[in-house]
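Engineer: Adding 9 to a residue's 1-based position in the sequence shown gives its number in the numbering used here.
One structure is given below, represented as structure tokens, and several questions about it will come after.
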Amino acid sequence: MFSSAVFRSTRELRTISSIPPSASLFFTSNRCLHQATAGSQFKATQPEIPPQGQTQNTERFSHLRRSIPEVASISIPSELTPAITALLPDLATQPSHYITAHLHARPYLLTAGDTLRLPFRMPNVQAGDVLRLNRASNIGSRDFTLKGAPYLDERLFECRVRVMGVEAEPLRIKEKTKRRQRHVQRVKSKHKYTILKVVDVRVKQLDELLAEGAKIVGQ
10 MFSSAVFRST
20 RELRTISSIP
30 PSASLFFTSN
40 RCLHQATAGS
50 QFKATQPEIP
60 PQGQTQNTER
70 FSHLRRSIPE
80 VASISIPSEL
90 TPAITALLPD
100 LATQPSHYIT
110 AHLHARPYLL
120 TAGDTLRLPF
130 RMPNVQAGDV
140 LRLNRASNIG
150 SRDFTLKGAP
160 YLDERLFECR
170 VRVMGVEAEP
180 LRIKEKTKRR
190 QRHVQRVKSK
200 HKYTILKVVD
210 VRVKQLDELL
220 AEGAKIVGQ
């Protein structure tokens, strides 16, 4: 029994001596790293750093949002230049105003009484609803035209339309086939469009704008 124990200890010493010094250092460093990790797992962790790709995507979308022109905010009072102050009453008193309204980046030249068929079906509206178009690039009459850069302040004008209903086009059938195949696929389509009628297009008077908080600048 004593001889077997001596033989076992001799074999272990021979095995340890056969390990190169670099491997023994590697095992020692791994053991210390494991102990340090196990001891520090209950400490306060550092705040999570967001991925670099997510930060780049956020910056890219923020740049796109800055590049899109927006209509002036309602919370900021509108500013009237001396030229607008002098010519706005003449534009407002003339009849038959026209306006270039924009819906989904598409311009529509409208005047009171026009019927507009949108190239899409507007959601969440019903027949009889009155909508206000608040994005326009210019509004004018026979002698005067007020242009925006790129859009006008929505507090300078009013353009109201009434939803007349939904119109459907005739059913269209398109035959689609592939080369060297007898099977013919028939695709059916029947698009629906929203019909609007322009109720009123008018330019606000100077007194109305001043009562709403507009300021005259450049005097």
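For glycine and all other residues, C-beta sits at the position ideal for the given N, C-alpha and C.
For clarity, every value in this text was computed on a predicted model and none was experimentally measured.
Would you kindly report the start and end of the unbroken alpha helix (DSSP H) that includes P98?
Structural biologist: DSSP places P98 in the uninterrupted alpha helix (DSSP H) bounded by 91-102.
Engineer: Can you give me the start and stop residues for the alpha helix (DSSP H) that L215 sits inside?
Structural biologist: From DSSP, the alpha helix (DSSP H) with L215 extends over 215-220.
Engineer: Can you look up L180 in the DSSP assignment and give me helix, strand or coil?
Structural biologist: coil
Engineer: V170 by DSSP, collapsed to three states: which one?
Structural biologist: Under the three-state reduction of DSSP output, V170 falls in the strand class.
Engineer: Taking the alpha carbon of E184 as the point to measure from, which residue in L119, A101, V196, Y107 has its own alpha carbon closest?
Structural biologist: V196
Engineer: Given this structure, state the Cα-to-Cα distance separating D138 from V172, to the nearest angstrom.
Structural biologist: 5 Å
Engineer: State the DSSP-derived secondary structure class of R164, mapped to helix, strand or coil.
Structural biologist: Three-state result, R164: helix.
Engineer: Have a look at T90 and L96 and give me their C-alpha separation to the nearest angstrom.
Structural biologist: So the alpha carbons of these two residues sit roughly 10 Å apart.
Engineer: For I108 and L140, I'd like the C-alpha separation in whole angstroms.
Structural biologist: 15 Å
Engineer: According to DSSP, P116 sits in a beta bridge with which residue or residues?
Structural biologist: H111
Engineer: Measuring straight from C-alpha to C-alpha, what distance separates Q214 and P179?
Structural biologist: 45 Å
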